[in-house]
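Chains as they are written, first to last, in the working numbering: chain A, 650 to 788; chain B, 650 to 788; chain C, 650 to 788; chain D, 650 to 788.
4 protein chains.
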Amino acid sequence: MLTLKRLDLMDAQAVIAGARAEAEQIGVPMCIAVTDESGNLLAFERMDGGKIPSVTIAIDKSYTAAGIRKGTHQLGEGAQPDKPVYGIFATVGGRMITIAGGLPIEVDGEIVGAIGVSSGTPTQDREVAQAGIDALLNT
Amino acid sequence: MLTLKRLDLMDAQAVIAGARAEAEQIGVPMCIAVTDESGNLLAFERMDGGKIPSVTIAIDKSYTAAGIRKGTHQLGEGAQPDKPVYGIFATVGGRMITIAGGLPIEVDGEIVGAIGVSSGTPTQDREVAQAGIDALLNT
Amino acid sequence: MLTLKRLDLMDAQAVIAGARAEAEQIGVPMCIAVTDESGNLLAFERMDGGKIPSVTIAIDKSYTAAGIRKGTHQLGEGAQPDKPVYGIFATVGGRMITIAGGLPIEVDGEIVGAIGVSSGTPTQDREVAQAGIDALLNT
Amino acid sequence: MLTLKRLDLMDAQAVIAGARAEAEQIGVPMCIAVTDESGNLLAFERMDGGKIPSVTIAIDKSYTAAGIRKGTHQLGEGAQPDKPVYGIFATVGGRMITIAGGLPIEVDGEIVGAIGVSSGTPTQDREVAQAGIDALLNT
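What follows is the structure, given as structure tokens:
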């Protein structure tokens, strides 16, 4: 039998609140998703002005980051033409996102969930995702 | 040109908080989704202990209720064998839910969004969904 | 943070071996799937003569039983016309199975995974699924 | 009338055991799938620590390799921009995998099944897949 740790809802709310605060700070309304370590959705918010396709993209960024235990921007590097995982963006029904903005959440060396952010530039999305994680870890 | 009203994120949070309070009251951890009037997700929470398939079912109950502008339990009545919309549960990729727990949110005679709840019995799901709406309307 | 238990691969292999032994005993080649507590596949076998659609059905029975924390036959009872969850078989992309043969696996009061069996009659499928669980619990 | 050869379950188990041994050797927990010559799943294992998206990707690598009767890395070469099968990664619902780790299994000049491995680097995945085939052929 395995024993594992997973974000609870309060943790997920802390992550979302931290990400939302950063999104407000930079003035970009975002879709923000938090999944557990298995990639299943725990909490989600679309800020007023967040984009509709970003609902799915934020959820799938979080799914991807939980699944690969790395940032989606790192997957994007390997998915370029002639790189090892080229084409991975089309796998798992298109849920594997190769765009920055998905980050795994690690606590005590264990991946316990992930966050995915979408609606801004990928750089903004990633920055907001990181702010969400920082908010949790600073609690 | 159309002018329409739509829940904002604060409204959606009020709906979810009201539903969560009722779920805690009856001791059933729920998945709670709020969509806008177009059926696109605004906010979501999976309470600790909420069920994994209910992530999708809660979101789709809310989608359905926003879409048909009625409760999903009412769609269920019409979807029985020999009834007019028999088979509708399989349409739209299976997103049309015929089980209680999805309710439209009406403000000033206009549907401005919907809530979907899943993880309990359909009766509990509907009760918790109604509590979410009541919380918003009593604000 | 939540702490939870999950079947490991050796546990899953024990469940499959127990189910396979029973399937051989009754002379019905089966598809046998074991998922973790979140419904993600851990192990699978199609015995020689197992049916092709049963590959998916066995996996989805296991997903369903893990998700609802009950047997799929119990979901089937509630999914009949005029019953509370009528139509649930079409939700989650058709993954919610209302046919006997999916059972949750409970250890020390916690659902740690599930088994799904398909290719025989639903009664046979359920019997083989139960044999898989018994094999694990008797280890 | 056609007569064809196909892996039986014992063959598939031998392939998986060989792959698992290699995965343990290199210290990378893998998802390992074996399909028959028609691309339908015969056996699957997710080693403890194998990745969730890799459940689907391993199965689809095996499906792809059985289908094209070549390694998925070879499909990847042809799928690059300006190459003949550019875009194939998006076909068949995203099931055509262009990443190394899927290999057909050939016995007496006939493709009798395939193996797909995922969770490591593509190079590791392919090496583990090859080890599974070698284990079968050396039996």
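Don't be surprised by glycine CBs; every beta carbon is placed ideally from N, CA and C.
### Task
Could you pull out every unbroken alpha helix (DSSP H) segment of at least 4 residues lying fully inside the region 668–749 of chain D, listed in chain order?
702–717, 721–727
### Message
So for Arg775 (chain B), helix, strand or coil by DSSP?
### Response
helix
### Message
With three or more C-beta pairs closer than 8 Å as the rule, is the region 757–769 of chain C touching the region 734–741 of chain C?
### Response
no
### Message
In this structure, how does DSSP classify Gly781 (chain B) when only helix, strand and coil are distinguished?
### Response
helix
### Query
With C-beta atoms as the reference, is Tyr712 (chain B) less than 7 Å away from Arg744 (chain B)?
yes
### Anticipated Cβ contact below 8 Å, Gly683 (chain A) with Ala661 (chain A), distance rounded
Correcting the residue identity first, residue 683 (chain A) is Val in this sequence and not Gly. At roughly 4 Å, the Cβ-Cβ gap stays under 8 Å, so Val683 (chain A) and Ala661 (chain A) are in contact.
### Query
Under a Cβ-count criterion, where at least 16 other Cβ atoms within 10 Å of its own Cβ denotes burial, should Asp709 (chain B) be classed as buried or exposed?
buried
#### Entry: Beta-carbon neighbours of Asn689 (chain D), restricted to chain G and to distances below 9 Å
Structure shown: chain G not included; protein chains present are A, B, C and D.
### Query
Between the region 656–670 of chain D and chain C, which residues of the former have CB atoms less than 7 Å from a CB of the latter, in chain order?
Asp657, Leu658
### Query
Which chain B residues sit within Cβ distance under 8 Å of Pro733 (chain C)?
Ile748, Ala749, Thr770, Pro771, Thr772
### Task
Go through its chain and collect everything with a Cβ distance to Ile717 (chain A)'s Cβ below 7 Å, but skip five positions before and after it.
Leu724
### Query
Quick one: which chain C residues come within Cβ less than 8 Å of Ala728 (chain B)?
Tyr735, Gly736
#### Entry: Contacts that Lys654 (chain C) makes with chain A (C-beta to C-beta distance below 9 Å)
Met650, Leu651, Thr652, Leu653
#### Entry: Three or more C-beta pairs below 8 Å linking the region 751–767 of chain B and the region 748–764 of chain C
no
### Query
With distances taken between CB atoms, is the gap from Ala663 (chain B) to Leu785 (chain B) smaller than 7 Å?
yes
### Query
If we count the other Cβ atoms within 10 Å of its Cβ and call it buried at 16 or more, is Lys732 (chain D) buried or exposed?
exposed
### Query
Does DSSP put Leu653 (chain B) in a helix, a strand or coil?
coil
### Message
Please classify Asp635 (chain B) as buried or exposed, where buried requires at least 16 other C-beta atoms within 10 Å of its C-beta.
### Response
With chain B represented from 650 up to 788, any question about residue 635 (chain B) goes unanswered, as that position is not in the structure.
#### Entry: Neighbourhood of Thr721 (chain C) by C-beta, 7 Å cutoff - its chain only, sequence neighbours within 5 removed
Lys710, Thr713, Ala714, Ile746, Thr747, Ile748, Ala749, Gly750, Gly751
### Message
Could you check whether Met679 (chain D) and Val777 (chain D) sit closer than 7 Å to each other, using their CB atoms as the reference points?
### Response
yes
### Query
Taking only beta-carbon atoms, is Thr684 (chain A) less than 7 Å away from chain D?
no
### Task
Show which residues of chain C have a CB atom less than 9 Å away from the CB atom of Val677 (chain A).
The premise fails here: Val677 (chain A) is roughly 30 Å from chain C at the closest Cβ pair, so nothing lies under 9 Å.
### Message
Using beta carbons (cut-off 7 Å, strictly below), is Ala672 (chain B) in contact with chain A?
### Response
no
### Message
Contact defined as beta carbons within less than 8 Å: I believe Lys719 (chain D) pairs with Pro753 (chain D). What is the distance between those atoms, to the nearest angstrom?
### Response
7 Å
### Query
Across which residues does DSSP place Ser767 (chain B) in a beta bridge pair?
B:Cys680
### Spatial distance of Gly742 (chain C) from Gly742 (chain B) (CA atoms)
6 Å
### Message
If distances are taken between C-alpha atoms only, which option among B:Ile681, B:Ser687, B:Leu690 comes closest to Ser703 (chain B)?
### Response
B:Ile681
### Message
Counting C-beta neighbours from all protein chains within 10 Å, is the total for Ile764 (chain C) 16 or more, i.e. buried, or is it exposed?
### Response
buried
### Message
Looking at the secondary structure, which residues open and close the beta strand (DSSP E) in which Gly751 (chain D) lies?
### Response
751–756
### Task
Leaving aside the five residues before and after Ile782 (chain D) along the sequence, list all residues of the same chain whose C-beta is less than 7 Å from its C-beta, in chain order.
Val664, Leu752, Ile754, Ile764
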